[in-house]
Every structure is written in structure tokens, then in C-alpha cells.
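Asks: Structure incoming, see below.
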Amino acid sequence: MATLERITTQYIDSQDRVRLAGVSGNAAPVVIWLTQRLLQRLLPVLFQWLQRQDNTLPLAEVFHGFAQQAAQAELTPQAPVQVEAASCAWLALSVDISCSNESVGLIFRGPDGENATLTLATKPLRQWLGILHEAYRQAQWPLQAWPEWLQASEDILQQRPALLH
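FYI, the working numbering numbers position 154 of the sequence shown as 170, with every residue one higher than the one before it.
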């Protein structure tokens, strides 16, 4: 089982799918295709886990919006995972989810026994959700499953003026 240490997530229009390219140690990159249908089932579980993290706070929705903005603002650009024609690629048919107090573990499973693990703590999960939300927008997929606090934080971040140096 590959344990993904670094990932690049992109919507690929010609596939109408999200491509999750990941690297695990010195192994060759792996490409996991995620369908809208699979993501629609995965996202509510991830949102619920995040909301349980700080659900006891007053104005939890406001807190989640601020936390989402902060996580996305701290996302530092990195070189994307380089995918080669010979990279192992497969369609994720299911995702096993394990939750602890500190992180969410995702095991993506393919049709021929392929699998890969991705473990995300709170801030990286928020950052990945922001990237997935942008992929949803690019795909013009329905946004009803996304909580208001996440959509509002995306809107605010997109309205920020660019810094000129």
C-alpha cells in the first residue's frame, strides 16, 4: 500500500474527473482518478469531522470560516507532482475512512486491488478541501454539498488583491 506524502489535485476537463497525483517516498508517482459521485459521498464525512473538531465553540460556523481562510492563506505554492506516461493510474472505486482526534486517514481503493493511503491533519485537510472546491468550480459541478463557511471563505480569498513586488 502506497502512503502518499505529497499530492497534486487537479480537475481534468477531458476526463470530467479529479486527478490526484501523489508520491510515496522514492516510488514512482501514482495517479488516482476521483469521480464526482465518489467525492459527493466522501465530502460530507470530511466536513463533519472538521465541524466536530471545534463544535463546542460559540459561533462555530464563523470559526470554521476563519480557520478555512487561514489554512488556505498559509498554503505555500509547490512544484506539482510530475506525472509521466508510465505512471500507475487507476480509478478509485471506494474510499475507506478512519478518523482520530488529530487526523483523517483515507484509503483509496481501485478495481484491481490498488490502494493508496492519504492522512491529513486539520490544516492540510482544510487546504485540500479548498483545492477540491476550486476543482468543483472549474468542473461546474453542483456546490450544494459544500458548507456555507467553506464557500464564503473561498469567495473572500478570491477577492483579495494580488500583491505586486
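Built from N, CA and C at the ideal position, the CB exists for glycine as well.
According to DSSP, is Leu-20 helix, strand or coil?
Replies: The answer is coil: DSSP assigns Leu-20 none of H, G, I, E or B.
Asks: If I measure Cβ to Cβ from Leu-62 and keep anything under 7 Å in the same chain, skipping five residues before and after, which residues do I get?
Replies: Val-120, Leu-141 and Leu-145
Asks: Exposed or buried, which one is Arg-68 when buried takes at least 16 other CB atoms within 10 Å?
Replies: Flag for Arg-68 reads exposed.
Asks: Would you kindly report the start and end of the unbroken alpha helix (DSSP H) that includes Gly-126?
Replies: For Gly-126, no alpha helix (DSSP H) run applies, since DSSP gives it neither H nor E.
Asks: Rounded to whole angstroms, what is the Cα-Cα separation between Val-39 and Glu-164?
Replies: Separation of Val-39 and Glu-164 (C-alpha to C-alpha, rounded to the nearest whole angstrom) is 32 Å.
Asks: Measure from the alpha carbon of Thr-133 to the alpha carbon of each residue in Arg-33, Ala-37 and Asp-29, then state which is nearest.
Replies: Selected option, being the one with the closest Cα: Ala-37.
Asks: Please list the terminal residues of the continuous beta strand (DSSP E) segment that includes Leu-107.
Replies: 104 to 107
Asks: Less than 6 Å between C-beta atoms, sequence neighbours within five positions excluded: which residues of the same chain meet that for Ala-155?
Replies: Tyr-27
Asks: Roughly how far, in whole angstroms, is the beta-carbon of Trp-65 from the beta-carbon of Cys-115, given that I think they are within contact range, below 8 Å?
Replies: 5 Å
Asks: So, is Ile-113 buried or exposed, given that buried needs 16 or more other C-beta atoms within 10 angstroms?
Replies: The residue in question, Ile-113, is exposed, as its Cβ has fewer than 16 Cβ neighbours within 10 Å.
Asks: Residues in its own chain within less than 8 Å of Ala-18 by CB, not counting five upstream and five downstream?
Replies: Gly-38, Ser-40, Ala-43, Val-46, Asn-131, Ala-132 and Thr-133
Asks: Here's a check: name, in chain order, each residue in its chain whose Cβ is nearer than 6 Å to the Cβ of Thr-24, leaving out the five neighbours to either side.
Replies: Closer than 6 Å at the Cβ level, and outside the excluded window around Thr-24, lie Ala-37, Pro-96 and Val-97.
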